[in-house]
Amino acid sequence: MRTQIVAGNWKMNNTFSEGVDLINELVEKFDAVKEVQLIIAPPFILTNEAAKALKYKTIGLAGQNCSNQSHGAYTGDISASMLKSAGANYVILGHSERRAYYHETDQIINEKIKLGLKNDLIPIICCGEVLKEREENKHFEIVAKQINGMLKEISPEDFINIIIAYEPVWAIGTGKTATPDQAQEIHQFIRETIKNIYDSDIANNLSILYGGSCKPSNAKELFANPDVDGGLIGGASLNADEFIEISKSF
Ligand code: 13P
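Per the numbering used here, residue 9 is the first one in the sequence shown, and the count goes up by one each step.
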């Protein structure tokens with residue numbers, strides 16, 4: 009049985025006190041959720057505050073990114089070991105916004121994944137095509153290239169700790185969601201890609217999350233697909249009720 013996961017990527021939203029309020033609201037309402045791994049990824053300034061608040065709850069805590077360097081003169085960066093020491097146990101890597109605005113390549117993401125794993129963080133690694141690539145029917149090729157690039161030299165023993173998120177860029181923050189068939193088709197393809205890199209047992213145990221305008225009204229039909237094991241939620245994760253409602257959509 010694969011782990012069903014609903015992860016909330018807050019992105020660059022909320023002030024410190026608004027973030028604390030949202031964390032506390034989630035902690036208060038969380039008992040309603042069963043058999044689903046809930047994860048939140050607040051901005052770095054809230055990581056340690058969240059770790060303290062989540063201590064006795066089984067909500068996971070992720071960073072939204074980490075550096076591809078272990079330490080040193082990299083102004084503004086946060087390392088994997090810093091994240092771990094602040095209480096995170098997951099890290100989102102290779103988000104399309106990082107790829108688009110900060111020119112992160114699969115090579116850079118691969119370096120981050122290695123540092124994340126080395127520091128005992130579970131990487132949630134992202135892939136997904138832009139609209140033009142989808143329209144030109146290149147999405148399979150693009151996603152396979154991203155996955156192969158990100159997973160270079162990652163051993164099977166390390167890979168079993170990784171979660172993959174498929175996020176079509178055209179669906180992120182646009183209100184446009186992949187149809188359940190589109191999601192299933194590409195999630196199945198991702199599992200097949202992992203089977204080819206590793207083996208079928210590893211592929212079958214991998215949790216693959218869908219991200220892109222996922223909300224309470226469409227989560228059920230997306231999560232009903234055999235290869236969709238949950239969601240990476242942006243906008244809707246900023247509202248505790250909506251986020252919890254999504255986690256009840258399996
Ligand atoms: P939205 O749910 O706001 O479309 O964002 C998805 C996402 O990018 C999560 O990482």
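Backbone N, C-alpha and C fix where the C-beta goes; we use that ideal spot for every residue, glycine too. Owing to the predicted nature of the structure, the values given are computational and were not obtained by experimental measurement.
- Report back the beta-carbon spacing between F38 and L46 to the nearest angstrom; my notes put them in contact at under 8 Å. Right, the Cβ-Cβ distance comes to about 7 Å (below 8 Å), so this counts as a contact.
- Beta-carbon contacts of A49 that lie in its chain and below 7 Å, excluding the five residues immediately before and after: If we look at A49 and ignore the five residues flanking it on each side, its Cβ neighbours are A15, G16, N17, W18, A70, G71, Q72, I100.
- Taking only heavy atoms of the ligand 13P into account, decide whether any of them is closer than 7 Å to the Cβ of N17. yes
- Please say whether P176 and G220 have beta carbons closer to each other than 8 Å? yes
- Message: According to DSSP, C134 sits in a beta bridge with which residue or residues?
- Response: DSSP lists A173 as the bridge partner or partners of C134.
- Could you check the C-alpha separation between N212 and K203 for me, to the nearest Å? 8 Å
- Heavy atom of the ligand 13P less than 7 Å from the Cβ of A108, yes or no? no
- Classification of A232 by the beta-carbon crowding that lies within 10 angstroms, buried from 16 upward: exposed
- Got a sec, what are the start and stop residues for the beta strand (DSSP E) Q115 sits in? That residue, Q115, is in no beta strand (DSSP E); its alpha helix (DSSP H) goes 114 to 126.
- Item | Sequence-distant residues of the same chain with beta carbon closer than 6 Å to E253, five excluded per side | The beta carbon of E253 sits closer than 6 Å to the beta carbons of P224 from its chain, once the five residues preceding and following it are set aside; these are given in chain order.
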